[in-house]
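**Student:**
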Amino acid sequence: ISSTSGTVSLEDVVFAGSDISSIATLSMSGDLSNSGDIILSSLLAQSITHTGAVGQDLTISSGGNVISDGVTMNNGALSGVTTLSASDDITLTKNVATVVHSGTTSLSILSTSGTVAVE
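Residue numbers (the numbering used here): 3 to 121.
1. Are the CB atoms of Leu94 and His103 within a distance shorter than 8 Å?
2. Hey, how far is the Cα of Val101 from the Cα of Thr117?
3. Beta carbon of Val73, beta carbon of Gly82: below 8 Å?
4. Between the Cα of Gly65 and the Cα atoms of Asn76, Gln58, Val56, Ile25, which residue gives the shortest distance?
5. Within the same chain, show all residues whose beta-carbon is closer than 8 Å to that of Val10, passing over the 5 residues directly before and after it, in chain order.
6. Just to confirm my understanding: we take Ser43, look at its own chain, exclude 5 residues before and 5 after, and list those with CB closer than 8 Å. What are they?
7. If you follow the beta strand (DSSP E) that Thr117 is part of, which residue opens it and which one closes it?
8. Near Leu112, which residues of its chain fall below 8 Å by C-beta distance, leaving aside the five closest residues on each side in sequence?
And the structure:
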């Protein structure tokens, strides 16, 4: 199918050269390969959702860093975090672990509802 006027429309989907537009839902069973950016331009909230089985993870990886909302992830390390909030334990499993404060004033460890135990 070709057009001499620039575009071809097939059931409301518009083909113009190598561009395809007016697609409401794109379903596929194979890989999506892309050499350009993926741009989500809606003014409303958007989601990237993985619906695989339990234990079948969603992996986002890069040959360089992965940067999400200013936080950089690189091979298990995080940087660019300004505040870390946790509702459960923070566990360090390295044989010799260190918590380092490099600011110019002080470091405080405090509890708002009980005692602080430091060995």
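Even glycine gets a Cβ: it sits at the ideal position worked out from N, Cα and C. Given the structure is predicted, the values throughout are model-derived calculations rather than measurements.
**Tutor:** Working from what's here:
1. Counting from 1 along the sequence shown, the entry for residue 103 is found at position 101. Counting from 1 along the sequence shown, the entry for residue 94 is found at position 92. Cβ distance not < 8 Å, so His103 and Leu94 don't count as in contact.
2. Within the sequence shown, numbered from 1, the residue matching residue 101 stands at position 99. Within the sequence shown, numbered from 1, the residue matching residue 117 stands at position 115. Cα to Cα, Val101 sits roughly 20 Å from Thr117.
3. Position 71 of the sequence shown, counting from 1, holds the residue named residue 73. Position 80 of the sequence shown, counting from 1, holds the residue named residue 82. Result yes, Cβ atoms of Val73 and Gly82 sit closer than 8 Å.
4. Indexing the sequence shown from 1 puts residue 65 at position 63. When each option's Cα is compared against that of Gly65, the closest is Asn76.
5. Here the question's residue 10 lines up with position 8 in the sequence shown. So the qualifying residues of the chain are Ile3, Ser4, Val16, Phe17, Ala18.
6. Taking the first residue of the sequence shown as 1, we reach residue 43 at position 41. Nothing meets the Cβ criterion.
7. As a working note, residue 117 is residue 115 in the sequence shown. Going by DSSP, Thr117 is part of no beta strand (DSSP E) at all; its letter is neither H nor E.
8. Residue 112 sits at position 110 when you count from the first residue of the sequence shown. Only Val118 meet the Cβ criterion.
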